[in-house]
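Everything on this sheet refers to the single structure shown next.
In my numbering, the protein residues as written are 1 to 375.
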């Protein structure tokens, strides 16, 4: 088995922008902890991951590429005589060192969701204007950042900056809570579809913050039936016994994290404050590594079958970019495969017969385009 440093495994951080700010301002080695592995799970985008990977090298960290897919659970359940219930559900996706195997399919879905987020934010601004709390779209978009689909947090920050509320908590409690006077829905498929998409694209699918659900058990069961791999159990205030039991009941891998967004709330867990137990990390990798290995093999096979500069770009998008200029053209095919697999797999796994077959195929494929992409 490969050796890992468990100073701090952090499997849920939902803002790459916040992490970049944290790295640049103080690093990730304060307060007696040292983050060594960090999963970045921005909402509905992976655009910030390459920059975060490059920055993480300064702190000797590994980055797990991920997303937090915003979905509604549109399945109608019968709860205690109620006619039905629709709950917002966030599904986390963790990918290997080359990212998703079918990037176009994933990106098409995420693009549709982001378009829905733009529409949702505009609807929230419209409702706030009707409530005599005027906001401008340009203000919210500037807070979100270039190319980022605005969410409730960005609208909340705009409310604070405009002087309509005193703080973010007040913005959510008064106007932006689920079903609130300025709340609006987006363009999200079902949670089950999210799980199935993550599995198809070579990711590990986990349910985020199940404690936010009104009635977790039937939703967790439904997602497990759809192929869910794990669920959050660990958070800043420790392991939650009820959700630990639910994970055991449905045979789900137990993950966790601080859910750090950089909001600045007094009650927000700090980045790296949730340190996963060694056994939890072991169980996570036991399930995730074979999934990632298959995804990487699919990505390499796609390139072998139809080499192109675009596929080279996809192949290298999430690589650790250190010391790549030393690659020799003669050994490039072996270097490409090893670099894809070296992050998480053992030497024995990297010597498997099907991987050796890929090396052989790559050696007969023109991959000169990889050199400039890497350097």
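Where a beta carbon is used, it is the ideal one built from N, C-alpha and C, also for glycine.
No experiment lies behind these values; they were computed from the predicted model shown.
Rounded straight-line distance, which links the Cα of residue j to that of residue i
| i | j | result |
| --- | --- | --- |
| residue 316 | residue 98 | 7 Å |
| residue 115 | residue 186 | 8 Å |
| residue 67 | residue 40 | 7 Å |
| residue 230 | residue 132 | 43 Å |
| residue 286 | residue 184 | 39 Å |
| residue 203 | residue 52 | 19 Å |
| residue 257 | residue 35 | 12 Å |
| residue 173 | residue 151 | 16 Å |
| residue 138 | residue 145 | 11 Å |
| residue 104 | residue 248 | 34 Å |
| residue 102 | residue 165 | 43 Å |
| residue 126 | residue 214 | 28 Å |
| residue 84 | residue 241 | Model confidence at residue 84 stands at a pLDDT of 42, short of 50, so the residue's coordinates are unreliable; what they give is reported in the following sentence. If you take the alpha carbons of residue 84 and residue 241, they lie about 28 Å apart. |
| residue 134 | residue 162 | 8 Å |
| residue 118 | residue 42 | 16 Å |
| residue 168 | residue 153 | 8 Å |
| residue 290 | residue 311 | 22 Å |
| residue 293 | residue 149 | 31 Å |
| residue 264 | residue 121 | Because residue 264 sits at a pLDDT of 48, beneath the cut-off of 50, its placement in the model cannot be relied upon, and the point is left open. |
| residue 171 | residue 123 | 16 Å |
| residue 129 | residue 112 | 26 Å |
| residue 301 | residue 136 | 48 Å |
Neighbourhood of residue i by C-beta distance below 8 Å, restricted to the same chain and skipping five residues each side
| i | result |
| --- | --- |
| residue 209 | 90, 232, 235 and 259 |
| residue 244 | 233 and 254 |
| residue 61 | 28, 35, 36, 37 and 38 |
Coil, strand or helix - residue i by DSSP
| i | result |
| --- | --- |
| residue 214 | coil |
| residue 235 | strand |
| residue 177 | coil |
| residue 119 | helix |
| residue 94 | strand |
| residue 84 | Confidence is the limiting factor: at residue 84 the pLDDT is only 42, short of 50, which leaves the residue's position unreliable and the question unanswerable from this model. |
| residue 190 | strand |
| residue 224 | helix |
| residue 243 | helix |
| residue 318 | coil |
| residue 207 | strand |
| residue 169 | helix |
| residue 89 | strand |
| residue 148 | coil |
| residue 254 | strand |
Cβ-Cβ separation, residue j to residue i (assumed contact under 8 Å), whole Å
| i | j | result |
| --- | --- | --- |
| residue 246 | residue 218 | Actually they are not in contact, since the Cβ atoms of residue 246 and residue 218 sit about 11 Å apart, beyond 8 Å. |
| residue 199 | residue 205 | 6 Å |
| residue 220 | residue 175 | Actually they are not in contact, since the Cβ atoms of residue 220 and residue 175 sit about 30 Å apart, beyond 8 Å. |
| residue 110 | residue 45 | 6 Å |
| residue 155 | residue 140 | 6 Å |
| residue 50 | residue 284 | The Cβ separation is near 23 Å, so there is no contact. |
| residue 64 | residue 56 | Rounded, the Cβ-Cβ distance is 11 Å, inconsistent with contact. |
| residue 197 | residue 106 | 7 Å |
| residue 288 | residue 94 | 6 Å |
Cβ neighbours of residue i in the same chain (closer than 7 Å, five flanking residues each side left out)
| i | result |
| --- | --- |
| residue 192 | 222, 223 and 226 |
| residue 360 | none |
| residue 147 | 47 |
| residue 181 | 127, 131 and 175 |
Nonlocal neighbours in the same chain, by C-beta distance under 6 Å from residue i, ignoring five residues either side
| i | result |
| --- | --- |
| residue 9 | Because residue 9 carries a pLDDT of 48, less than 50, the predicted location of this residue cannot be relied on, and no value is offered for it. |
| residue 252 | 230 and 231 |
| residue 295 | 96, 101 and 202 |
| residue 298 | 101 |
| residue 157 | 143 |
| residue 108 | none |
I'd like the ranges of any beta strand (DSSP E) spanning at least 3 consecutive residues and lying wholly in the stretch 38-76.
Complete beta strand (DSSP E) runs here, min 3: 62-73.
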